[in-house]
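Below, the structure written as structure tokens:
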């Protein structure tokens, strides 16, 4: 049910943001970034202002910014863009969040993340670039076909079909 936007699911997720458990709040914020409904933006803003714990945990905070951006909050979209361009621990989350909302500016920071030390960050960048389907990501994805981590190589290889389509569309 979480993959399909639903007002009821989003309402429940908003409620879970007030839970004591950090892992529950993180999971709810991450899910909300993908299923929130446009009419819930005012409630989300109010909740963020009234629940200080939501701004104290960086992963939760970036997910909530992504949710707000997905709902049309331009200030949140710009905040994601600024964070994605920085070299901070949570910048990768912002770059992936930009891709989640379909912002074409997400290509450059996600291409940069393909060179991250952590294989899990590289995987997130590969998935983000696959979502965006931009030809600009192809050279970096090709490099990851030779990555030392099997999961990264496999994820890069799975992008082959859309990469072929992107290259074909660039031909005269």
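Residue numbers (my numbering): 12 to 183.
The beta carbon of each residue, even a glycine, is placed where N, CA and C say it ideally should be.
From a predicted model like this one, the values you see are computed outputs, not experimental measurements.
Under the three-state DSSP convention, the category residue i falls into
i, result
"residue 159", "coil"
"residue 143", "helix"
"residue 181", "Note that residue 181 scores a pLDDT of 43, beneath 50, so its modelled location is shaky and nothing firm can be said."
"residue 85", "helix"
"residue 23", "helix"
"residue 149", "helix"
"residue 28", "coil"
"residue 99", "coil"
"residue 128", "coil"
"residue 137", "helix"
"residue 170", "coil"
"residue 94", "helix"
Residue i: first and last residue of the uninterrupted alpha helix (DSSP H) it sits in
i, result
"residue 42", "33-46"
"residue 79", "69-81"
"residue 52", "52-61"
Between the CA atoms of residue j and residue i - distance to the nearest angstrom
i, j, result
"residue 171", "residue 133", "16 Å"
"residue 169", "residue 76", "29 Å"
"residue 146", "residue 51", "34 Å"
"residue 131", "residue 27", "26 Å"
"residue 73", "residue 128", "21 Å"
"residue 53", "residue 122", "33 Å"
"residue 38", "residue 93", "24 Å"
"residue 98", "residue 32", "29 Å"
"residue 40", "residue 58", "12 Å"
"residue 150", "residue 141", "13 Å"
7 Å Cβ cutoff met for residue i and residue j
i, j, result
"residue 79", "residue 87", "yes"
"residue 117", "residue 109", "yes"
"residue 163", "residue 155", "yes"
"residue 100", "residue 91", "no"
"residue 5", "residue 137", "In the structure displayed, the chain extends from 12 to 183; residue 5 sits before or after that span and is not available."
"residue 112", "residue 81", "yes"
"residue 47", "residue 21", "yes"
Expected contact under 8 Å - CB spacing of residue i and residue j to nearest Å
i, j, result
"residue 29", "residue 62", "6 Å"
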